[in-house]
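Here the structure comes first, spelled out in structure tokens, and everything after it is commentary.
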Amino acid sequence: IFTVKDNKTSSFCFHSLQNMHSIAVVIVPILFRIVVSQNSPFVKIPQGDLKGKYFITRNGRTISGFLGIPYAEAPIGELRFKKGCKRIRKILAPQTFDSLNSRVYAV
């Protein structure tokens, strides 16, 4: 907290703090992404890039897991009871799911 005597200095200091906050909002996610990506399996496939998670089995083996991958169009409407259709849209961002961000896909 700081005190200022005139409005010009006050607005200047406040504006500078806003700029620093904006820079932090841009830089922190980039740094976080670099740190997280170093500890996650990453696979490139024709439909896009996938980021997974390492799992440890009961036997102590480490395996790579990729969750939430959409394999086909959802069987709704005209697609119900038909053969599976290829997905139209590509996976643009790496997919990761944990206890805070989980989805259940029913077949």
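Just so you know, we're using my numbering here: the sequence shown kicks off at 7 and counts up by one.
The C-beta atom is built at its ideal place from N, Cα and C for all residues, glycine as well.
It should be emphasised that the depicted structure is a prediction, and the values quoted were computed from it without experimental measurement.
Whole-angstrom C-beta distance between Phe-48 and Lys-57, which should lie under 8 Å: 5 Å
Gly-54: first and last residue of the uninterrupted beta strand (DSSP E) it sits in: 54-57
Short Cβ contact (8 Å threshold) for Gly-90 with Ala-80: no
By DSSP's criteria, Gly-71 is part of a beta bridge. Which residues make up the other side? Lys-59
Measure the Cβ-Cβ separation of Ile-69 and Phe-61 and say whether it is below 8 Å. yes
With H, G and I counted as helix, E and B as strand and the rest as coil, what does DSSP make of Leu-85? helix
Using alpha carbons as the reference points, say which of Asn-65, Gln-53 and Leu-73 lies closest to Ser-46. Leu-73
Proximal residues to Gly-71 (C-beta, below 7 Å), its chain only, five neighbours per side dropped: Gly-58, Lys-59 and Phe-61
In chain order, what residues of the same chain have a beta carbon less than 8 Å from the beta carbon of Leu-85, not counting five sequence neighbours either side? Glu-79 and Cys-91
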